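One structure is given below, encoded as structure tokens.
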Amino acid sequence: MSENQNLLAEQRRALILDEVRRRGGVRVNELTRRLGVSDMTVRRDLDALARQGAVEKVHGGAVPVAEASTHEPGFEAKSGLELSAKEDIARAAAELVAPGSAIALSGGTTTYALAHRLVDVPDLTVVTNSVRVADVFHAAQRSSGPRQGAATVVLTGGVRTPSDSLVGPVADQAIAALHFDVLFLGVHGISVEAGLSTPNLAEAETNRRLVQSARRVVVVADHTKWGTVGLSSFAALEQVDTLVTDAGLAAQARAEIAEHLRRLVVAGEDADDDADV
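Per UniProt numbering, numbering of the sequence shown is gapless, rising by one per residue and ending at 277.
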């Protein structure tokens, strides 16, 4: 291989690494289209990056090297990842919300995207432990002025986490006294073995209370969350009624999920393709 070809390979791998870190994962077919190279070339690049310890290869692509189970990224760091997937998930999840219902939205960037889709749904009561989610509804009401059917927002108290969620005994006590029709839950990680998990111990307990207070639990999580395990598990997959995810979820993961969940909604795919189990 010539020196110029070596340079091109290094530039290409730098671009791939940047995509992995920025988006939280890449797929081989996406990289072949973007870089204009063959499937085999991309796989060789991923092999080289994996040998360097820069990425972790997964079926169909690569993800960042696994971080410690106690690592909790801040809201801003997470908000730039998988933007299109989160918008697709938010759009699909919003269709599950009936006017006049009482819902809960946990903290997270995907529930934050969902909140923007719900500001015009009439007569909602929204319970949330997310400062960001509450701000979405308050900003919408300030901009439109008083209007009939505007959401009633209940923001729990508590101690603020790096992801701008309110957790701890104050939040737990407030949530335990409430009952809502549907909980829309963002997660740090989801897997068959660990269920739903988070790196924050206090957040895990608050999430347990949210799950206990909900008639139905809907997890909103992009495909990169599958297989990730945080320090503390707070719910088993069997406690989840519906998972709303994006089309990047691998076929093997879909098969595993179908064994444990009642319903899988893949945003961006036809409704007839949703798996009811």
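All C-beta atoms in this analysis are idealised placements derived from N, C-alpha and C, irrespective of residue type, glycine included. A quick note: this is a predicted structure, and the numbers were derived from the prediction, not measured.
Other residues of its chain near residue i: CB distance less than 8 Å, five sequence neighbours each side excluded
i	result
GLY157	LEU166, VAL170, ALA171 and ALA174
ASP39	VAL28, ASN29 and THR32
GLY208	In the sequence as displayed, the identity of residue 208 is Arg instead of Gly. These residues qualify, in order along the chain: PHE234 and ALA235.
ALA62	ILE16, VAL20, GLY25, VAL26, LEU46, LEU49, ALA50, VAL55 and GLU56
THR161	GLU72, GLY107, VAL167, ASN200, ALA202 and GLU203
ARG215	HIS179, PHE180, ASP181 and VAL182
ALA94	LEU114, ARG117, LEU118 and VAL121
Three-state secondary structure (DSSP) of residue i
i	result
ALA93	helix
SER130	strand
ARG51	helix
ASP181	strand
ALA102	strand
ALA124	Going by the sequence as given, residue 124 is Leu instead of Ala. In the structure shown, LEU124 sits in coil (DSSP, three-state: anything other than H, G, I, E or B).
VAL170	helix
MET1	Confidence is the limiting factor: at MET1 the pLDDT is only 39, short of 50, which leaves the residue's position unreliable, though a coordinate-based value still follows. Looking at MET1 - three-state DSSP - the assignment turns out to be coil, as it is neither helix nor strand.
ASN6	In this prediction, ASN6 scores a pLDDT of 46, lower than 50, which makes its location untrustworthy; the coordinate-derived value is nonetheless stated afterwards. Three-state result, ASN6: helix.
ARG13	helix
ALA68	Because ALA68 sits at a pLDDT of 48, beneath the cut-off of 50, its placement in the model cannot be relied upon, and the point is left open.
LEU249	coil
ARG147	coil
Nearest to residue i (by Cα), restricted to the options the options
i	options	result
ALA102	ALA177, ALA90, LEU124 and VAL119	LEU124
PRO99	HIS260, ALA204 and THR152	THR152
GLY53	GLY108, PRO64 and ARG44	PRO64
LEU8	ARG22, GLY36, ARG23 and ALA253	GLY36
SER232	THR224, ALA204 and SER191	ALA204
ARG254	LEU183, THR228, ALA139 and HIS223	HIS223
GLU269	LEU249, ARG262 and GLU256	LEU249
PHE184	ARG91, ARG43 and VAL42	ARG91
Residue i and residue j closer than 8 Å at C-beta
i	j	result
VAL187	LEU201	no
VAL266	THR242	no
ASP181	VAL131	no
LEU155	THR198	no
LEU49	LEU17	yes
THR228	ILE89	no
VAL219	ILE190	yes
VAL136	VAL119	yes
One or two residues paired with residue i in a DSSP bridge
i	result
GLU56	VAL63
SER232	THR198
SER191	GLY195
ARG216	VAL182
ARG34	According to DSSP, ARG34 bridges with nothing at all.
ARG160	LEU166
Chain-order list of residues whose beta-carbon lies under 6 Å from that of residue i (same chain, five-residue window excluded)
i	result
GLY108	GLY186
THR70	Summary for THR70: the model assigns pLDDT 48, below 50, so the residue's position carries little reliability; its value from the coordinates is reported in the next sentence. Cβ within range, chain order: PRO199 and LEU231.
GLN141	ALA150
VAL240	VAL217, VAL219 and LEU261
is_contact[residue i, chain B] using C-beta, thresh 8 Å
i	result
VAL266	Looking for chain B here will not work: only one protein chain is present.
Cβ-based neighbour list, residue i, same chain, cut-off 7 Å, excluding 5 preceding and 5 following
i	result
residue 279	This structure leaves residue 279 out entirely; the chain is present only between 1 and 277.
GLU238	HIS260
LYS86	THR109, THR110, ALA113 and ASP222
LEU105	THR111, LEU114, ALA115, VAL126, THR128, SER130, VAL133 and PHE184
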